[in-house]
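*Asks:* Here's a structure for you.
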Amino acid sequence: MALIELVYISPVCLAISSNFLYIMDIFAFIFFLGIVSSKIASSNANGNAGTFNVLEYGAIGDGYKDDTQAFLKAWNAACSTTNGTPKLVVPKKKTFLLIPAMFSGPCKAKKIDFMISGKIVAPSSPSVWKGRDASQWLGFSGVSGLNVYGSGTIDGQGKGWWDQSCRYHPDLQGCTKLAPTTLKFLSANDISLSNIDFTNSPQTHVLVMGCNRMSVQNVMIQSPGDSPNTDGIHIHASHNISVIQSKIESGDDCISIGDYISNLYISNIECGPGHGISIGSLGLGGNFVQVENIHVKNVSLKGTTNGARIKTYQVGKGYVRNVTFEDIKFDSVDNPIIIDQNYCGVRGTCKELPTGVHISDVTYKGLYGTSTTEVAINLNCSRSVSCTGISLESIKLTSAKAGKQATANCANARGKETGVLPGLCLRN
Ligand SMILES: *[C@@H]1O[C@H](CO)[C@@H](O)[C@H](O)[C@H]1NC(C)=O
Ligand SMILES: *[C@@H]1O[C@H](CO)[C@@H](O)[C@H](O)[C@H]1NC(C)=O
Ligand SMILES: *[C@@H]1O[C@H](CO)[C@@H](O)[C@H](O)[C@H]1NC(C)=O
Ligand SMILES: *[C@@H]1O[C@H](CO)[C@@H](O)[C@H](O)[C@H]1NC(C)=O
Numbered sequence: 007m008a009l010i011e012l013v014y015i016s017p018v019c020l021a022i023s024s025n026f027l028y029i030m031d032i033f034a035f036i037f038f039l040g041i042v043s044s045k046i047a048s049s050n051a052n053g054n055a056g057t058f059n060v061l062e063y064g065a066i067g068d069g070y071k072d073d074t075q076a077f078l079k080a081w082n083a084a085c086s087t088t089n090g091t092p093k094l095v096v097p098k099k100k101t102f103l104l105i106p107a108m109f110s111g112p113c114k115a116k117k118i119d120f121m122i123s124g125k126i127v128a129p130s131s132p133s134v135w136k137g138r139d140a141s142q143w144l145g146f147s148g149v150s151g152l153n154v155y156g157s158g159t160i161d162g163q164g165k166g167w168w169d170q171s172c173r174y175h176p177d178l179q180g181c182t183k184l185a186p187t188t189l190k191f192l193s194a195n196d197i198s199l200s201n202i203d204f205t206n207s208p209q210t211h212v213l214v215m216g217c218n219r220m221s222v223q224n225v226m227i228q229s230p231g232d233s234p235n236t237d238g239i240h241i242h243a244s245h246n247i248s249v250i251q252s253k254i255e256s257g258d259d260c261i262s263i264g265d266y267i268s269n270l271y272i273s274n275i276e277c278g279p280g281h282g283i284s285i286g287s288l289g290l291g292g293n294f295v296q297v298e299n300i301h302v303k304n305v306s307l308k309g310t311t312n313g314a315r316i317k318t319y320q321v322g323k324g325y326v327r328n329v330t331f332e333d334i335k336f337d338s339v340d341n342p343i344i345i346d347q348n349y350c351g352v353r354g355t356c357k358e359l360p361t362g363v364h365i366s367d368v369t370y371k372g373l374y375g376t377s378t379t380e381v382a383i384n385l386n387c388s389r390s391v392s393c394t395g396i397s398l399e400s401i402k403l404t405s406a407k408a409g410k411q412a413t414a415n416c417a418n419a420r421g422k423e424t425g426v427l428p429g430l431c432l433r434n
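Just so we're aligned, residue 7 is where the sequence shown starts under our numbering, counting upward by one.
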């Protein structure tokens, strides 16, 4: 609409003969432009022109009828809009059932909003995935400038998958190792995810892969502590990512950090139950690991199996460097501080190798709380590629069990330490 009005005004400008009138008209024209642009802005702000409500594309929202096609139609309409910031709306007070779906880009507009106020649920039976990719339920692929937000919930209805997982039911015929990730963000830049609640994912809740400049903020993730492989957030091959102000309860790592990562900032996180904040496992295939500049700050871990963990396979090469764990509180954590550079799928079955991922410049600062196992600090590095530049500073870890001592174990770990309870263990 704005374009048509502009086309009308230009002949008026051209028709002006007197210089004075011409200048006056330029003023009028600029004034008019101002009105038009503020009109565009307000139509987006109050959500009319650029709004794509899934109900208007045939979604029912009763929680039973499959609304996938309606979502994809609304997405295609929003994604092919060129003006302003198109916004797909999933309205509140409704429950939308979606089968596996990928929302693909690139979109025409520089930015696109996906506002989830209502609830989105997965099919409860894994049989729906027959003939489909079992690794995914919902995802965004190649959508740069994406903003996913709202007060809504995404429920993966994972129980059907957990009940047949090989991890917990190895003797079950047809047990499954791979189950869907609830929401994937793939191959895109400048993304944000905020305020959404995730629950009961069949496997990982949120996966970020191949993304640059993404912020995750104020999300809540909740799955039972005994649900198999339900990582909270898994990040892989991505750069300049922040995860802040979030609460994660899960059956696996709260946040797991994969390979090819740089500049990752994690802060103000509550984790537990779960397996803690984990870098790795890395180097499984013997590849050249590249993980650097990771800062984890102000995290509280409660009843988790690990706290601040780095684990690498001996067969791997490359590096994990410049990592800081700062201001972390442990409440009954099994392995509060742990580096396992001899990680092995099944303990004791890996032979000692001359290779390894070099772990260096790792700082632990201001970490305190309780350990349920005796070894509260366990820096178990390899003989051939030792850990270097480790710094332990202002650490106070005690046993969660009354009358028991906590200890520190370091093997092939070098660096400096000050103010460490349970005691010194690094080599210089
Ligand atoms: C990440 O951030 C750093 C520092 O701001 C910048 O130099 C680099 O280009 C960024 N990389 C990407 C892929 O955004
Ligand atoms: C630490 O994180 C918690 C949320 O987990 C937040 O409430 C608190 O304000 C944060 N503290 C600082 C000093 O930022
Ligand atoms: C280490 O990582 C931090 C971010 O966590 C970054 O600011 C700093 O520049 C990095 N240091 C080096 C030497 O790369
Ligand atoms: C260190 O790693 C080796 C090799 O995996 C293992 O045998 C040993 O038990 C570990 N030590 C501790 C204290 O965890």
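Yeah, the Cβ is synthetic: ideal placement off N, Cα and C, and Gly gets one too.
Compare the C-alpha of M121 against each of L398, K136, I160, D139 and name the closest.
*Replies:* Taking the sequence shown and counting its residues from 1, one reaches residue 121 at position 115. For the residues L398, K136, I160, D139, the minimum Cα distance to M121 belongs to I160.
*Asks:* So, under 8 Å CB-CB, I285 and R315 are touching, yes? Tell me the CB distance rounded to an integer number of Å.
*Replies:* The residue you call residue 285 lines up with position 279 of the sequence shown. The residue you call residue 315 lines up with position 309 of the sequence shown. Correct: roughly 7 Å between the Cβ atoms.
*Asks:* Specify the secondary structure class of C85 as computed by DSSP and reduced to three states.
*Replies:* Working through the sequence shown from its first residue, we reach residue 85 at position 79. In this structure, C85 counts as helix in the three-state DSSP scheme.
*Asks:* Could you check if Q411 is buried or exposed, using at least 16 other CB atoms within 10 Å of its CB as the buried criterion?
*Replies:* Within the sequence shown, residue 411 is the residue found at index 405, counting from 1. Burial call: exposed.
*Asks:* Secondary structure at N104, three-state DSSP: helix, strand or coil?
*Replies:* As a position in the sequence shown, residue 104 is number 98, starting the count at 1. Just to set this straight, residue 104 is Leu in the shown sequence, not Asn. Here L104 sits in coil by DSSP.
*Asks:* What I want to know is whether the C-beta of I300 ends up closer than 7 Å to one or more non-hydrogen atoms of ligand 3.
*Replies:* Here residue 300 is taken as the residue at index 294 of the sequence shown, counted from 1. For ligand 3, at least one heavy atom lies less than 7 Å from the Cβ of I300.
*Asks:* Please list the segments of the beta strand (DSSP E) lying wholly inside the segment 119-180, counting only runs of 3 or more residues, in order along the chain.
*Replies:* Listed in chain order, the beta strand (DSSP E) elements of length 3 or more contained wholly in the segment 119-180 are 125-127, 142-147, 152-155, 159-161.
*Asks:* Once the 5 residues before and after K98 are set aside, which same chain residues still bring their CB inside 6 Å of it?
*Replies:* Translated into positions along the sequence shown, residue 98 becomes position 92. S123, G124.
*Asks:* Tell me which residues share the same chain as T369 and place their Cβ nearer than 6 Å to its Cβ, disregarding the 5 neighbours each side in the sequence.
*Replies:* Position 363 of the sequence shown, counted from the first residue, corresponds to residue 369. The answer, listed in chain order, is T330, S397.
*Asks:* Going along the chain, which unbroken runs of the beta strand (DSSP E) with 3 or more residues stay wholly within the segment 284-339?
*Replies:* Here the runs fully enclosed are 294-308, 312-319, 323-339.
*Asks:* Does the distance from the C-beta atom of G145 to that of P92 stay below 8 Å?
*Replies:* Within the sequence shown, the letter at position 139 stands for residue 145. Within the sequence shown, the letter at position 86 stands for residue 92. Not in contact: G145 and P92 (Cβ atoms no closer than 8 Å).
*Asks:* Under a Cβ-count criterion, where at least 16 other Cβ atoms within 10 Å of its own Cβ denotes burial, should F294 be classed as buried or exposed?
*Replies:* In the sequence shown, residue 294 corresponds to position 288, counting from 1. By the 10 Å Cβ count, F294 comes out exposed.
*Asks:* Mind checking who I197 pairs with in its DSSP beta bridge?
*Replies:* The residue labelled residue 197 in the question sits at position 191 within the sequence shown. According to DSSP, which records beta bridges pairwise, I197 is partnered with M220.
*Asks:* Go ahead and label P279 buried or exposed: buried means 16 or more other beta carbons lie within 10 angstroms of its beta carbon, across all protein chains shown.
*Replies:* Start at 1 with the first residue of the sequence shown, and residue 279 comes out as number 273. Here P279 is buried: its Cβ has 16 or more other Cβ atoms, across all protein chains shown, within 10 Å.
*Asks:* Evaluate S48 with the Cβ neighbour count: other Cβ atoms within 10 Å of its Cβ, from every protein chain shown; 16 or more gives buried, anything less gives exposed.
*Replies:* Position 42 of the sequence shown holds residue 48. Because S48 sits at a pLDDT of 34, beneath the cut-off of 50, its placement in the model cannot be relied upon, and the following sentence gives the value as read from the coordinates. Classification of S48: exposed, given that the 10 Å Cβ count is below 16.
*Asks:* If I follow the unbroken beta strand (DSSP E) through N246, where does it start and stop?
*Replies:* Start at 1 with the first residue of the sequence shown, and residue 246 comes out as number 240. Where N246 is concerned, the enclosing beta strand (DSSP E) stretches over 244-255.
*Asks:* Identify the continuous beta strand (DSSP E) that holds G56 and give its terminal residues.
*Replies:* As a first step, residue 56 must be located in the sequence shown, where it is residue number 50. Element bounds for G56: n/a, residue is neither H nor E.
*Asks:* Do the CB positions of G111 and S150 come within less than 8 Å of each other?
*Replies:* In the sequence shown, the residue the question calls residue 111 occupies position 105. In the sequence shown, the residue the question calls residue 150 occupies position 144. Yes. Within cutoff.
*Asks:* Check whether the segment 170-189 touches the segment 215-222, counting contact only when three or more Cβ pairs, one atom from each stretch, lie closer than 8 Å.
*Replies:* no
*Asks:* May I have the straight-line CA-CA distance separating L403 from L288, to the nearest angstrom?
*Replies:* Counting from one through the sequence shown, the residue named residue 403 turns up at place 397. Counting from one through the sequence shown, the residue named residue 288 turns up at place 282. Their backbone Cα atoms lie some 27 Å apart in a straight line.
*Asks:* Anything with a beta carbon under 5 Å from a heavy atom of ligand 2 counts; list them all in chain order.
*Replies:* N274, E276, N304
*Asks:* Pick out whichever of D367, G395, F336 has its Cα sitting closest to the Cα of A406.
*Replies:* Taking the first residue of the sequence shown as position 1, residue 406 is located at position 400. When each option's Cα is compared against that of A406, the closest is F336.
*Asks:* What residue range is occupied by the uninterrupted beta strand (DSSP E) comprising D68?
*Replies:* Position 62 of the sequence shown, counted from the start, is the residue given in the question as residue 68. Its beta strand (DSSP E) spans residues 68-72.
*Asks:* What residue range does the beta strand (DSSP E) around Y271 cover?
*Replies:* Locating residue 271 in the sequence shown gives position 265, where the first residue counts as 1. From DSSP, the beta strand (DSSP E) with Y271 extends over 267-277.
*Asks:* Please tell me whether, using a cut-off of 7 Å, the distance from the CB of N328 to the nearest non-hydrogen atom of ligand 1 is below it.
*Replies:* Walking along the sequence shown from the start, residue 328 turns up at place 322. No; taking the cut-off as 7 Å, the Cβ of N328 has no heavy atom of ligand 1 nearer than that.
*Asks:* Beta strand (DSSP E) containing Y63: first to last residue?
*Replies:* In the sequence shown, the residue the question calls residue 63 occupies position 57. Unbroken run through Y63: none, as it is neither H nor E.
*Asks:* Considering only the alpha carbon of each residue, which of A76, K116, I241 lies closest to L104?
*Replies:* By 1-based counting over the sequence shown, the position of residue 104 is 98. Checked all of A76, K116, I241; the closest Cα to L104 is A76.
*Asks:* Taking buried to mean at least 16 other C-beta atoms within 10 Å of its own C-beta, is A414 buried or exposed?
*Replies:* To locate residue 414, count along the sequence shown from 1; it is residue 408. A414 is buried by the Cβ-count criterion.
*Asks:* Using the beta-carbon count (16 or more within 10 Å), is T311 buried or exposed?
*Replies:* If you number the sequence shown from 1, residue 311 lands on position 305. Per the 10 Å Cβ criterion, buried.
*Asks:* Would N206 and S252 be called neighbours here (beta carbons separated by less than 8 Å)?
*Replies:* For the purposes of this step, residue 206 is taken as the residue at position 200 of the sequence shown. For the purposes of this step, residue 252 is taken as the residue at position 246 of the sequence shown. No, they are not a contact pair.
*Asks:* Is K308 closer than 8 Å to S338 when the C-beta atoms are compared?
*Replies:* One-based indexing of the sequence shown puts residue 338 at position 332. One-based indexing of the sequence shown puts residue 308 at position 302. For S338 and K308, yes; Cβs fall inside 8 Å.
*Asks:* In angstroms, rounded to a whole number, what distance separates the CA positions of N153 and G421?
*Replies:* Counting from one through the sequence shown, the residue named residue 153 turns up at place 147. Counting from one through the sequence shown, the residue named residue 421 turns up at place 415. Distance between the alpha carbons of N153 and G421: 42 Å.
*Asks:* Once the 5 residues before and after S44 are set aside, which same chain residues still bring their CB inside 6 Å of it?
*Replies:* Taking the sequence shown and counting its residues from 1, one reaches residue 44 at position 38. Only weak support is given to the placement of S44: the predicted model assigns it a pLDDT of 37, under 50, and the value that follows is read from those uncertain coordinates. Hits under 6 Å: none found.
*Asks:* Could you spell out where the beta strand (DSSP E) holding V368 opens and where it closes?
*Replies:* As a first step, residue 368 must be located in the sequence shown, where it is residue number 362. Start and end: 364-377.
*Asks:* Verify whether the separation of the beta carbon atoms of A80 and V60 is less than 8 Å.
*Replies:* Taking the sequence shown and counting its residues from 1, one reaches residue 80 at position 74. Taking the sequence shown and counting its residues from 1, one reaches residue 60 at position 54. Yes, the pair counts as a contact, with Cβ atoms nearer than the cut-off.
*Asks:* Any idea what DSSP makes of Q347, helix, strand or coil?
*Replies:* Reading the sequence shown from its first residue, position 341 is the one you call residue 347. Looking at Q347 - three-state DSSP - the assignment turns out to be strand.
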